[in-house]
Amino acid sequence: MTSYRSRVALLCLTLLATGLAAASAKDSTKDAVKDIATWSTINEKDQATLRYGNDSEESVVVFSCKPRSDAVRIFVGETDASLKPNEKATASIAAGSQKATVRGRTVPNELAGVPSFMGGLSASDPLFAALTGSDNLVIKVAKARTVVPLKCIGSKAADFSKTCRKP
Numbered sequence: 005m006t007s008y009r010s011r012v013a014l015l016c017l018t019l020l021a022t023g024l025a026a027a028s029a030k031d032s033t034k035d036a037v038k039d040i041a042t043w044s045t046i047n048e049k050d051q052a053t054l055r056y057g058n059d060s061e062e063s064v065v066v067f068s069c070k071p072r073s074d075a076v077r078i079f080v081g082e083t084d085a086s087l088k089p090n091e092k093a094t095a096s097i098a099a100g101s102q103k104a105t106v107r108g109r110t111v112p113n114e115l116a117g118v119p120s121f122m123g124g125l126s127a128s129d130p131l132f133a134a135l136t137g138s139d140n141l142v143i144k145v146a147k148a149r150t151v152v153p154l155k156c157i158g159s160k161a162a163d164f165s166k167t168c169r170k171p
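Each residue of the sequence shown is one higher than the last, beginning at 5 in the working numbering.
And the structure:
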């Protein structure tokens, strides 16, 4: 009888451990999927946004505009530790053969521990057309270099640019 009880207890513990491992793996997969960065758009009456990031507060890059204003604000989440917040800065942004020099400022980013960058560019700049069809978006601010994949951007960039351009 003791050996039967031992085997039943061992079987119950094995099933419990297997269930816990499966639940843990499911949660880990859910977290991993949540952490995957993607391109997304938000179109509201007074603002259009194209961003690359995940569901957290931190985005890698955000383009935003007031519809039909022709002015696109560019936010780069993390720059270089050598930069200080609230200083003039320049970003170099390239997609394929199209390059844009963006003047702006660094802004504090306590979450990242390094400043973010904010600047502006015309919605009719050729860079936006190059986002579709290029492999990567390369952003340089000081010594920081960020490479963002463009393969899954689809028509989001063209739609965003069209929304921001003057009619």
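Note that the Cβ used here is the ideal one computed from N, Cα and C, for glycine as well.
| query | result |
| --- | --- |
| Beta-carbon within less than 6 Å of V76's beta-carbon, same chain only, minus the 5 sequence neighbours each way: which residues are those? | F67, C69, L125, A127, C168 |
| Is it the case that the region 110–122 contacts the region 77–95, given that we only count it when at least three CB pairs across the two stretches are under 8 Å? | yes |
| Which whole-angstrom value is the C-beta distance of V65 and R55, which I expect to be below 8 Å? | 7 Å |
| Tell me whether T167 sits in a helix, a strand or coil according to DSSP, three-state version. | helix |
| Name the two residues that bound the continuous alpha helix (DSSP H) containing P130. | 130–134 |
| Between A98 and the rest of its own chain, which residues show a CB-CB distance below 7 Å, the 5 nearest in sequence each way excluded? | V142 |
| Which stretch, first to last residue, makes up the beta strand (DSSP E) that contains N47? | 42–47 |
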